[in-house]
Amino acid sequence: NAGVTQTPKFQVLKTGQSMTLQCAQDMNHEYMSWYRQDPGMGLRLIHYSVGAGITDQGEVPNGYNVSRSTTEDFPLRLLSAAPSQTSVYFCASTGQNTEAFFGQGTRLTVV
Amino acid sequence: AQSVTQPDIHITVSEGASLELRCNYSYGATPYLFWYVQSPGQGLQLLLKYFSGDTLVQGIKGFEAEFKRSQSSFNLRKPSVHWSDAAEYFCAVGALSGGYQKVTFGIGTKLQVIP
Numbered sequence: 002n003a004g005v006t007q008t009p010k011f012q013v014l015k016t017g018q019s020m021t022l023q024c025a026q027d028m029n030h031e032y033m034s035w036y037r038q039d040p041g042m043g044l045r046l047i048h049y050s051v052g053a054g055i056t057d058q059g060e061v062p063n064g065y066n067v068s069r070s071t072t073e074d075f076p077l078r079l080l081s082a083a084p085s086q087t088s089v090y091f092c093a094s095t096g097q098n099t100e101a102f103f104g105q106g107t108r109l110t111v112v
Numbered sequence: 074a075q076s077v078t079q080p081d082i083h084i085t086v087s088e089g090a091s092l093e094l095r096c097n098y099s100y101g102a103t104p105y106l107f108w109y110v111q112s113p114g115q116g117l118q119l120l121l122k123y124f125s126g127d128t129l130v131q132g133i134k135g136f137e138a139e140f141k142r143s144q145s146s147f148n149l150r151k152p153s154v155h156w157s158d159a160a161e162y163f164c165a166v167g168a169l170s171g172g173y174q175k176v177t178f179g180i181g182t183k184l185q186v187i188p
């Protein structure tokens, strides 16, 4: 079972560039989410989705966009990268009565 | 909205000593509770979870946790720590809302194990 697949694993961007972090799950979970992890701050929720076509903001949504056209995929878009978005990003997929399953993370550096 | 508090940011224990990592949550109903572990540069691995039933939960790698409703706590324990347990540990609470589960994490406790 692949579980949750995130790509890329590492990325360096210049300030102002855009990019999309990909996330796919094969567990048919309705709920998917994006977190960012920064030292001393744990995991903070950026955006989440409760199903195809439905997304909502989490704790730290500014500077990020998401969409959910299929159950499997939940990409995260940075429209104009800023150094403050340097972080490790995790995608998670959760069933109604399961734990959150995480991807391996994307380490993003914005210079 | 739910929240999680991990009061200890950094803990150091000797190899072979016992370990207890504290976690307190805030949620109006019975929560789903989790402990995850993260080794440096790695993703998050589930150690154990509590959904219902027996309040003492056994997990992987010899860890256990006890749900205490009266104290809103879900502390993680291990009787004898190994050097390989050095990692960061995250407590999380899941709350059902509108048929889906929203998970909130604590800020983590970094465990250092000394020989």
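So the sequence lines, in the order shown, correspond to chains X and E. Counting from 2, one number per residue, gives the positions in the first sequence under my numbering. Counting from 74, one number per residue, gives the positions in the second sequence under my numbering. Glycine is no exception: its CB is placed at the ideal position from the N, C-alpha and C atoms.
CB contact check: Tyr65/X to chain E, cutoff 8 Å: no
Please list the segments of the beta strand (DSSP E) lying wholly inside the region 107 to 162 of chain E, counting only runs of 3 or more residues, in order along the chain. 118 to 123, 129 to 131, 137 to 141 and 146 to 151
Between which two residues does the beta strand (DSSP E) holding Ile55/X run? Ile55 to Gln58
Would you decide whether Lys15/X is buried or exposed? Buried here means 16 or more other CB atoms lie within 10 Å of its CB. exposed
Residue span of the beta strand (DSSP E) that contains Lys15/X, given as start and end: It is not in any beta strand (DSSP E) - Lys15/X carries neither H nor E in the DSSP assignment.
Where are the beta strand (DSSP E) runs, 3 residues long or more, that stay fully inside the region 41 to 97 of chain X, in chain order? 43 to 52, 55 to 58, 65 to 67, 77 to 79 and 88 to 95
Beta-carbon contacts of Ser88/X that lie in its chain and below 7 Å, excluding the five residues immediately before and after: Arg37, Gln38, Asp39 and Leu109
Taking beta-carbon pairs under 9 Å, can you tell me which members of the region 64 to 88 of chain X lie near chain E? none
If the cut-off is 9 Å on Cβ atoms, which residues from the region 90 to 101 of chain X count as contacting chain E, listed in chain order? Phe91, Ala93, Thr95, Gly96, Gln97, Asn98, Thr99, Glu100 and Ala101
Can you tell me whether Leu181/E is helix, strand or coil according to DSSP? As written in the sequence, residue 181/E is Gly, which differs from the Leu given in the question. In the structure shown, Gly181/E sits in coil (DSSP, three-state: anything other than H, G, I, E or B).
If you draw a straight line from the C-alpha of Met20/X to the C-alpha of Tyr90/X, how long is it? 13 Å
Rounded C-alpha distance that separates Thr103/E from Gly132/E: 20 Å
Span separating the alpha-carbon of Thr182/E from that of Phe147/E: 14 Å
Indicate the three-state DSSP secondary structure (helix, strand or coil) for Asp27/X in the structure shown. coil
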